[in-house]
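Below is one structure; the comments refer to it alone.
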Amino acid sequence: MHVLIIGAGPAGVSAALYARRGGADVTVVAKGAGALRTATCVENYYGIEDPVTGAELARRGIAGARRLGVVFVTDEVLGVRGDEGGFAVDGKTTRYRCDAVILATGAVRGTLSVPGIREFTGRGVSSCAVCDAFFYRGKTVAVVGAGAYALHEIRVLQPHAARVILLTNGAEPTVGIPPEVDVYPAQIARIEGERSVSRVVFADGTSADTAGVFLAIGTAGTAELAEKLGVLMDDGKVVVRAHMETNVPGVYAAGDCTGGLLQIVKAAYEGAEAGLAVVRYLQKK
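Next up, the structure:
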């Protein structure tokens with residue numbers, strides 16, 4: 000039984016502890032520190048006699064999980080999909096295989112604050128190349144971003160689109176971009192079209208014709224990963240049942256990504272529930 004947990008905050012580490020104690024092999028994949036480590040003072044959590052920094056609390060939690068045999072990997076998760084009775088998780092450096100996934104990122108990916116984003120969402124503006132690439136066969140599409148997640152979306156789109164362009168919105172690419180992909184470095188001013196997207200206009204007055212704009216700014220957050228898996232969302236939060244199950248068998252969610260009280264105690268509880276539930280699921284599988 001191999002469980003992969005995306006996110007190393009209180010929800011992810013708590014899920015790892017309970018899944019590991021239940022007999023599963025557990026890998027926790029996370030890119031960065033997470034929200035807890037930015038807290039300068041935590042004093043409203045059980046067992047804390049004196050105030051502690053979020054970074055110290057996170058260190059203790061991870062150390063305890065490591066002691067039980069949980070494996071922690073620093074990597075950026077770019078996508079998740081069902082594969083051969085389990086799941087394939089695409090990281091920036093490695094592809095992982097697992098029997099079940101727990102989403103515990105608590106992250107929201109960046110977007111653009113320019114005219115046209117909201118108006119054309121679902122009509123040319125998308126955050127999921129895996130979901131929507133099929134609809135752009137033979138067309139020109141644009142990916143907005145400059146990092147590994149943008150490159151991932153480019154590769155997903157290339158087999159379908161006639162042409163893929165990259166809009167970095169003033170940022171320098173941090174990864175190698177395929178030579179066939181034209182890069183537009185100018186800042187984006189607005190997205191235009193009539194019934195659907197037809198062009199992107201830049202701050203310098205130039206423009207690029209495109210039938211689609213795929214947002215891939217920063218890293219893939221919970222919403223993007225959930226969408227790729229077909230997990231139900233409600234107002235940006237993952238919809239879960241009594242034991243943190245999503246609508247997709249083998250996929251669980253815990254912590255801030257499920258909404259509600261954004262506190263350590265709630266995240267830890269949901270992580271524990273998810274860790275126990277995933278073991279029960281795998282034992283019956």
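Number 193 in numbering that gives the first Met the number 0 belongs to position 194 of the sequence shown; there are no gaps in the numbering.
All C-beta atoms in this analysis are idealised placements derived from N, C-alpha and C, irrespective of residue type, glycine included.
Spatial distance of residue i from residue j (CA atoms)
i: Ile187; j: Gly259; result: 34 Å
i: Ile153; j: Phe71; result: 28 Å
i: Gly271; j: Lys265; result: According to the sequence as given, residue 271 is Ala; it is not Gly. C-alpha separation (whole angstroms): 10 Å.
i: Val239; j: Arg65; result: 28 Å
i: Glu244; j: Val124; result: 29 Å
i: Leu77; j: Glu179; result: 22 Å
i: Leu16; j: Val237; result: 22 Å
i: Leu102; j: Ala14; result: 10 Å
i: Ala132; j: Pro172; result: 22 Å
i: Gly53; j: Arg59; result: 10 Å
i: Ser197; j: Glu191; result: 6 Å
i: Tyr44; j: Pro50; result: 9 Å
i: Pro9; j: Ala23; result: 19 Å
i: Ala62; j: Val163; result: 44 Å
i: Ile116; j: Cys127; result: 14 Å
For residue i: DSSP bridge partner residues
i: Gly346; result: No information on residue 346 is available, as it lies outside the stretch 0 to 284 that the chain covers here.
i: Ala26; result: Reading off the sequence, residue 26 comes out as Thr, not Ala. Partner(s): Leu3 and Val70.
i: Asp310; result: No answer is possible for residue 310: it lies beyond the span of the chain, which begins at 0 and ends at 284.
Extent of the continuous alpha helix (DSSP H) run through residue i
i: Thr93; result: Note, Thr93: premise wrong, no alpha helix (DSSP H); not H, not E.
i: Phe119; result: Ile116 to Phe119
Boundaries of the beta strand (DSSP E) in which residue i is found, first to last residue
i: Ser206; result: Ser206 to Asp208
i: Leu228; result: Segment Thr221 to Leu228 is the alpha helix (DSSP H) holding Leu228; no beta strand (DSSP E) there.
i: Ala252; result: Val250 to Ala252
i: Arg20; result: That residue, Arg20, is in no beta strand (DSSP E); its alpha helix (DSSP H) goes Pro9 to Arg20.
Cβ of residue i within 8 Å of any chain D Cβ
i: Leu281; result: Absence of chain D from the displayed structure is noted, only one protein chain being present.
- Task: Inspect the CB distances between the segment 213 to 233 and the segment 144 to 164 and report whether three or more fall short of 8 Å.
- Result: With the cut-off at 8 Å, the segment 213 to 233 and the segment 144 to 164 touch.
Counting beta carbon pairs with one atom in the segment 200 to 210 and one in the segment 219 to 226, are three or more of them shorter than 8 Å?
The answer is no - the segment 200 to 210 does not touch the segment 219 to 226, with fewer than three Cβ pairs under 8 Å.
(message) When you compare the segment 182 to 200 with the segment 110 to 121, are there three or more beta-carbon pairs, one atom per stretch, that lie closer than 8 Å?
(response) The answer is yes - the segment 110 to 121 touches the segment 182 to 200, with three or more Cβ pairs under 8 Å.
Within the segment 120 to 197, ranges of the beta strand (DSSP E) (whole runs, at least 3 residues): Complete beta strand (DSSP E) runs here, min 3: 139 to 143, 162 to 166, 181 to 183 and 187 to 192.
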